[in-house]
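Residue numbers (our numbering): 62 to 400.
For each residue, glycine too, the CB sits at the ideal point set by N, CA and C.
Note that this is a predicted model, so its numbers are computed, not measured.
In what follows, a single structure is set out as structure tokens and then discussed.
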């Protein structure tokens, strides 16, 4: 009770000073809170004239630092920090009970991408905007409030339950790029990286198909290959090299991309670049005995027959050993020879 009376007395003096000299009242209150650590965890809500003040501050007596939280009317809720806006993170956001948790989302991507349609984006069958949904639209449909931060997670501190983040937005813009978030529960849904199997040259000379940006980059590269091939003075061998497209991997993504690329080339590009039509070649390299070898044998056989009719070359039982600027080295499993 004594503490409450002392606080009431302090605020009474603050308000009296505020009526006489507005800014001195604020200065007085600030000095009192600084000198009395027991008062440092307060909610101050008042108005002076037409101005206002809303502050929530939690002191750290040991370090002497203050952790200032932004407006948190639901601070009693446990905080859940979700890393990633892919399939796992988005599915979690749709099912989590927002009324019970304070949910914060961190991801460098501010959208969810429907990845099964990425091969179609590479060839223009489907536009990129048709397979993405902004994250803010997704969280807006939830029954409560979800905060989204466009940044990547750099470090997880499980002892202090914090994640260190850095914004990937243009550094030329004003503001700090680094920040940290505290959490009670952490959901790590950042996805996976493409497995290169430590094959030399893959990272330097190959394209991957995992993100929307990858699909758009591949499309630009295919067009650039055709543009380069029609330049006067090139030999036939140089034209064939520029227009030889190799897909490593005979799984669903590789097979679908090969089919999409074939349609894109022979239905669209050869009409624009008719002089190099006969130099185009598409090859699929698969380490297994068949493409789509995880599916039913009838599906695999049908795909191989379709590729044969379309002129798509399929090299099965071959493992890529290295990649250079214009060459791919392979090892044939049946003979052990390098080609």
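C-beta contact flag for residue i and residue j at 7 angstroms
i: residue 344; j: residue 283; result: no
i: residue 279; j: residue 319; result: no
i: residue 378; j: residue 398; result: no
i: residue 276; j: residue 176; result: no
i: residue 142; j: residue 172; result: no
i: residue 316; j: residue 364; result: yes
i: residue 203; j: residue 225; result: no
i: residue 366; j: residue 311; result: no
i: residue 243; j: residue 222; result: yes
i: residue 153; j: residue 248; result: yes
Presumed contact (8 angstroms Cβ cut-off) between residue i and residue j, rounded CB distance
i: residue 321; j: residue 180; result: 5 angstroms
i: residue 342; j: residue 295; result: With a Cβ gap of about 16 angstroms, residue 342 and residue 295 do not count as contacting.
i: residue 245; j: residue 139; result: 4 angstroms
i: residue 151; j: residue 207; result: Not quite, the Cβ-Cβ distance comes to about 11 angstroms (not below 8 angstroms), so this is no contact.
i: residue 300; j: residue 340; result: 5 angstroms
i: residue 205; j: residue 325; result: So it is not a contact: roughly 44 angstroms between Cβ atoms.
i: residue 257; j: residue 251; result: Not confirmed; about 18 angstroms, so no contact.
Residues bridged to residue i (per DSSP)
i: residue 213; result: 227
i: residue 174; result: 193
i: residue 342; result: 305
i: residue 264; result: Residue 264 is not bridged to any residue.
i: residue 247; result: 142
i: residue 241; result: 225
i: residue 208; result: 165
i: residue 259; result: Answer is none; residue 259 lacks a bridge partner.
i: residue 386; result: None, per the DSSP bridge assignment.
i: residue 399; result: 392
i: residue 218; result: 223
CB contact check: residue i to chain C, cutoff 7 angstroms
i: residue 312; result: No chain C appears in the structure shown, which is made up of a single protein chain.
- Message: Across the segment 198-218 and the segment 349-369, are there enough close Cβ pairs to call them in contact, namely three or more that are closer than 8 angstroms?
- Response: no
- Please specify which runs of the beta strand (DSSP E), each continuous and at least 3 residues long, are wholly inside the segment 131-170, giving them in chain order. Those beta strand (DSSP E) runs which fall completely within the segment 131-170 and span 3+ residues are 139-144, 162-168.
- Message: Does the structure place the segment 358-378 close enough to the segment 280-299 that three or more beta carbon pairs sit under 8 angstroms?
- Response: no
- Ordered list of beta strand (DSSP E) runs contained in the segment 276-321, each at least 3 residues: Listed in chain order, the complete beta strand (DSSP E) runs (minimum 3 residues) inside the segment 276-321 are 305-309.
- Message: For the structure I just gave you, are there three or more beta carbon pairs, one from the segment 135-151 and one from the segment 162-173, closer than 8 angstroms?
- Response: yes
- Evaluate contact between the segment 237-244 and the segment 186-193, counting only Cβ atoms and requiring at least three cross-stretch pairs below 8 angstroms. Of all C-beta pairs linking the segment 237-244 to the segment 186-193, fewer than three are shorter than 8 angstroms, placing the two stretches out of contact.
- Task: Spell out a yes or no on whether the segment 383-390 and the segment 323-339 are touching, meaning 3 or more CB-CB pairs, one atom from each, closer than 8 angstroms.
- Result: No, the segment 383-390 is not in contact with the segment 323-339.
- Item | Continuous beta strand (DSSP E) assignments of at least 3 residues falling wholly in the segment 334-384 | DSSP runs (the beta strand (DSSP E)) wholly in the segment 334-384: 342-347, 374-377, 379-384.
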